[in-house]
Amino acid sequence: MPERSLDWIAFDRYLAMHDRMVDRALSYFAVESMLVVPDMITPRLVRIHGDLVCRGGLVVRVDNYYRRDASDRIQGVVYRYHAQFIEPPLRRIFRYDNDHTYNREAHPDAFHKHLFSDRTWREVEVVHIGRENFPTLAEVIDEL
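Residue 850 is where the sequence shown starts when you use my numbering, and the numbers rise one by one after that.
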C-alpha cells in the first residue's frame, strides 16, 4: 500500500513520492498534470492543487492542504479529490474529502466519499471512509 501523508512524513520524500505517482499515472491513464506542487501558502502551510486530466474526457481535481513542522515534515490536513468529466455540463463521478462532516453521530471522523448517479449526475449517497481508509491520489486515479 502506498505511504500515506495523513501521518508526518519528510517533505522532500513526500514530493518525490508524489512525482513518481504522477509519472506513473501519465504512463497509463493521465494525459496532463496541471497540479501546482507545492504551493507554499505560508512557511507552515503547503497546498497541492489543480487538475490531473485523464483519458476519456475525465479529470481529477485535487485540493489538499498540509501542515509543515520545524523538522521539514508535512502532514495532511484537508483533502479533496473530485473525479468528473472535464467538459460541461458538470457530470460528477465521485468525490473524496474531509473538509466537512456528514452525520457526526454515525461518523467518528470527517473522511468520506460522495457518490453520484451516472444517469442524473446528482449526489446519491455519502459514505464514511474513515481516516485509516482514505485513499491516496494514486488510489483515486486507479479507481477512476
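Here a beta-carbon is modelled for each residue, glycine too, at the ideal position from N, C-alpha and C. Note that the coordinates shown come from a computational prediction; the quantities given were computed from them, not determined experimentally.
Residue i classed as buried or exposed, judged by whether at least 16 other C-beta atoms fall within 10 angstroms
i           : result
residue 925 : buried
residue 982 : exposed
residue 890 : exposed
residue 901 : buried
residue 814 : With the chain represented from 850 up to 993, any question about residue 814 goes unanswered, as that position is not in the structure.
residue 969 : exposed
residue 972 : exposed
residue 989 : buried
Residue i - DSSP class collapsed to helix/strand/coil
i           : result
residue 943 : strand
residue 899 : strand
residue 993 : coil
Nonlocal neighbours in the same chain, by C-beta distance under 7 Å from residue i, ignoring five residues either side
i           : result
residue 904 : 878 and 880
residue 859 : 921 and 922
Own chain residues within Cβ distance below 6 Å of residue i, not counting five before or after
i           : result
residue 910 : 900 and 931
residue 850 : Caution is warranted here: a pLDDT of 34 is assigned to residue 850, below 50, making its placement in the model unreliable, and no coordinate value can be reported.
Same chain, Cβ closer than 8 Å to residue i, neighbours up to 5 away in sequence not counted
i           : result
residue 906 : 934, 935 and 936
residue 873 : 987
9 Å Cβ cutoff met for residue i and residue j
i           : j           : result
residue 958 : residue 980 : yes
residue 892 : residue 915 : no
residue 898 : residue 908 : no
residue 985 : residue 870 : yes
Task: Length at least 3, wholly inside the region 878-928: the beta strand (DSSP E) runs in chain order - done: 879-891, 894-903, 907-917 and 922-927
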